[in-house]
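What follows is a single structure, written as structure tokens, with notes after it.
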Amino acid sequence: MLMARNRPNERMRVTQSFRFQFMSLVLLAGALPFAANGFSLGLNDQIARNSVIASLSAAIVGLLIQRRMSAYPGTGAFAYILPVYSITYGLAAIALLMGRFAYSNSMLLIGFGATLLFTFVVALFIDRRGGGRFYLVPGGTADLKHVSRRYEWVDLQEPVVPPVKHAVIVADLDWDHEPAWERMLAEAAIGGHAVYHVKQLRESLTGRLQIHHLSENSFGSLLPNHAYRGVKRISDILLALVTIPIVALAMLVIGVIIRLDSPGPAIFRQTRMGYRGRKFVMYKFRTMVEREVVEHEDAKRRDAMTQADDDRITRVGKFLRRTRLDEIPQVFNVLKGEMSFIGPRPEAISLSQWYETELPFYTYRHIVRPGLTGWAQINQGHVAELEDVHRKLHYDFYYIKNFSAWLDIVIALRTVGIVLLGHGWR
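First residue of the sequence shown? That's 6 in this note's numbering, and the numbers climb one at a time after it.
Encoded structure:
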């Protein structure tokens, strides 16, 4: 994963370094709890030892996870601090309880609090310092200035390496540069300066990826990570088997409420385009009044598009859509292997066929299983117009290229936040 945040000065470099953050957490999550409570117990006391080991383990594992997840675009400086460390410290406490190890609650709480405070302060410092500075080589890089205002963009006027330590240079490496600029780029790389291809940087900053040619090296064989695909399928099955008994009663109650609110079935069934271009029937709780089946293709497309103020949405349907509860029945699609919990959202057949004729490489999104939520959904929300779908497609390509457990975790956490806030529903 390309890390687009460069280091504008030495203080920023030190603060962002793993060594500084690691050593700080060793002191705060290990030494501080011991100093607060452990001295009274003694160095050889089992309670103090177990508590320090658990606190340190939770803090270091949390640091590794947080740094890995923050590499993805759109993740704010504070986004994952509380959930990540709450999970790692929670798991540490569970491990102590299950292993019946003696430990100190106060020492764990001190370590947890100190870790949170430190990581929030570091994130605040980095956030206030801004995103850094990029030096742009003329030719194919001008549009980067509109990508993000968080960064300082400096146009290079002459083919001379910027006299700045750790300068980050951006160039369109597919551009036919003059020999002087090519020599400058080579000198910059040899001198230890980071030289980024404009396409890589744009992808890293926006979380979107455009495909111009099937032969592009970034996609290789055009297949996502095969090993993780198998692991993800097993995880989907296990999670679906656990989820169904938990939500069964809620599904029954929601179904009854839907039937009382408006005439028609509780479950809405629609044929969607799925994995490897195979059609499947997707289940949802019905959120609209029943409508007549239309035959004309244009009418089918319009019927498949849902607008924010769509008058077909019922009173109960508005709540279900806002909270995403209408998607619960799709857990059965996941169990059947037609969907995954996370992946590109499946489109209605009429829309999918239209997009395939209008958008290059649209069918490539079917190379992974469609999901209940996805990278495009958390970044853009629901869209149906062609221009917006084209932009959404670039998010799907980014997800496929970076297909991994880490990205799925990021999507899952951000989805929880969106559901709680009720943003992006239609």
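All C-beta atoms in this analysis are idealised placements derived from N, C-alpha and C, irrespective of residue type, glycine included.
Assuming residue i and residue j are in contact, meaning their beta carbons sit under 8 Å apart, how far apart are those beta carbons, in whole angstroms?
i      : j      : result
His395 : Leu364 : 6 Å
Ile423 : Met74  : Wrong, their Cβ atoms sit about 16 Å apart, outside the cutoff.
Gly279 : Pro351 : 6 Å
Leu206 : Ala119 : Not confirmed; about 36 Å, so no contact.
Val31  : Leu61  : 7 Å
Val66  : Phe39  : With a Cβ gap of about 19 Å, Val66 and Phe39 do not count as contacting.
Pro229 : Val373 : 6 Å
Arg317 : Asp266 : 13 Å between Cβ atoms; not a contact.
Leu246 : Phe290 : With 8 Å as the limit, Leu246 and Phe290 do not qualify as a contact, their Cβ atoms being about 21 Å apart.
Gly116 : Ala34  : 4 Å
Would you report the Cα separation of residue i and residue j, rounded to the nearest angstrom?
i      : j      : result
Thr420 : Val89  : 15 Å
Ser409 : Val142 : 33 Å
Ala9   : Gly196 : Bear in mind that a pLDDT of 42 at Ala9, under 50, signals an unreliable position, so the number given afterwards is only what the model happens to contain. Roughly 19 Å between the two C-alpha positions.
Asp315 : Arg18  : 50 Å
Asn55  : Asn42  : 13 Å
Tyr400 : Arg370 : 10 Å
Glu157 : Arg277 : 44 Å
Val175 : Arg105 : 55 Å
Gln21  : Ala255 : 45 Å
Gln358 : Tyr404 : 22 Å
Val294 : Trp380 : 30 Å
Val126 : Gly137 : 19 Å
Asn110 : Asp50  : 15 Å
Tyr360 : Pro334 : 26 Å
Lys397 : Leu244 : 27 Å
Gln162 : Ala194 : 19 Å
Phe123 : Asp181 : 47 Å
Met344 : Asp393 : 23 Å
Leu178 : His151 : 20 Å
Phe139 : Phe285 : 47 Å
Lys237 : Leu257 : 28 Å
Gly144 : Leu113 : 55 Å
Apart from the five residues just before and just after residue i, which ones in its own chain have a Cβ nearer than 8 Å to its Cβ?
i      : result
Glu221 : In this predicted model, Glu221 has a pLDDT of only 49, less than 50, meaning its place in the structure is not dependable; the value taken from the coordinates is given anyway. Closer than 8 Å at the Cβ level, and outside the excluded window around Glu221, lies no residue.
Ile216 : Phe224, Pro365, Phe366, Tyr369 and Phe402
Tyr233 : Phe408, Ser409 and Ala410
Tyr77  : Met6, Gly212, Asn407, Trp411, Leu412 and Val415
Leu121 : Ile86, Leu87 and Tyr90
Tyr288 : Ile272, Phe273, Arg274, Pro334, Gln335, Phe337 and Asn338
Val252 : Ile333 and Val336
His231 : none
Arg12  : In this prediction, Arg12 has a pLDDT of 45, which is less than 50 and means its spatial position is unreliable; what the coordinates show is noted afterwards. Contacts found: Arg18, Gln21, Gly137 and His171.
Val159 : Arg138, Phe139, Tyr140, Leu141 and Pro167
Glu183 : Pro164
So residue i is in the beta strand (DSSP E); what residue range does that whole segment cover?
i      : result
Val1   : With the chain represented from 6 up to 431, any question about residue 1 goes unanswered, as that position is not in the structure.
Phe139 : Arg138 to Leu141
Phe346 : Ser345 to Ile347
Lys284 : Lys284 to Phe290
Ala176 : Val173 to Ala176
Val126 : From DSSP, Val126 is part of no beta strand (DSSP E) but of the alpha helix (DSSP H) over Asn110 to Arg133.
Val159 : Glu157 to Asp160
Going along the chain, which residues of its own chain have a beta-carbon closer than 7 Å to the beta-carbon of residue i, five neighbours each way excluded?
i      : result
Thr362 : none
Arg24  : none
Ile249 : Val336
Glu192 : Val166
Thr5   : No statement about residue 5 is possible, as the shown extent of the chain runs from 6 to 431 and does not include it.
Phe83  : Phe125 and Ala128
Met189 : Pro164, Val165 and Val166
Leu210 : Ala9, Pro78, Val152 and Ser153
Asp241 : Val339, Ser345 and Phe346
State the start and end residues of the unbroken alpha helix (DSSP H) segment that holds residue i.
i      : result
Ile239 : His231 to Asp266
Gln335 : Gln335 to Lys341
Ala34  : Counting along the chain, Ala34 falls outside any alpha helix (DSSP H), and DSSP gives it neither H nor E.
Phe441 : With the chain running from 6 to 431 in the structure shown, residue 441 is simply not present.
Trp186 : Pro184 to Ile195
Gln71  : Gln51 to Met74
Arg359 : First, the residue type needs correcting, since residue 359 is Trp and not Arg in the sequence shown. Unbroken alpha helix (DSSP H) run through Trp359: Ile354 to Glu363.
Arg274 : That residue, Arg274, is in no alpha helix (DSSP H); its beta strand (DSSP E) goes Ile272 to Met278.
Gly145 : No alpha helix (DSSP H) contains Gly145, which DSSP labels as neither H nor E.
Trp380 : Trp380 to Gln385
Glu392 : Leu391 to Lys406
Thr93  : Ile86 to Met103
Please list, in chain order, all residues of the same chain as residue i whose beta carbon is under 6 Å from its beta carbon, the five residues on each side excluded.
i      : result
Ala63  : Thr93, Tyr94 and Ala97
Glu332 : Leu377
Leu101 : Ala59 and Tyr108
Leu425 : none
Gln71  : Tyr85 and Val89
Quick one: does the C-beta of residue i sit closer than 7 Å to a heavy atom of the ligand SAM?
i     : result
Ala76 : In terms of ligand content, the structure shown is empty, and the ligand SAM therefore cannot be addressed.
Task: Three or more C-beta pairs below 8 Å linking the segment 197 to 215 and the segment 170 to 183 - done: yes
Open item on the list: With three or more C-beta pairs closer than 8 Å as the rule, is the segment 345 to 360 touching the segment 257 to 270?
Closed with: no
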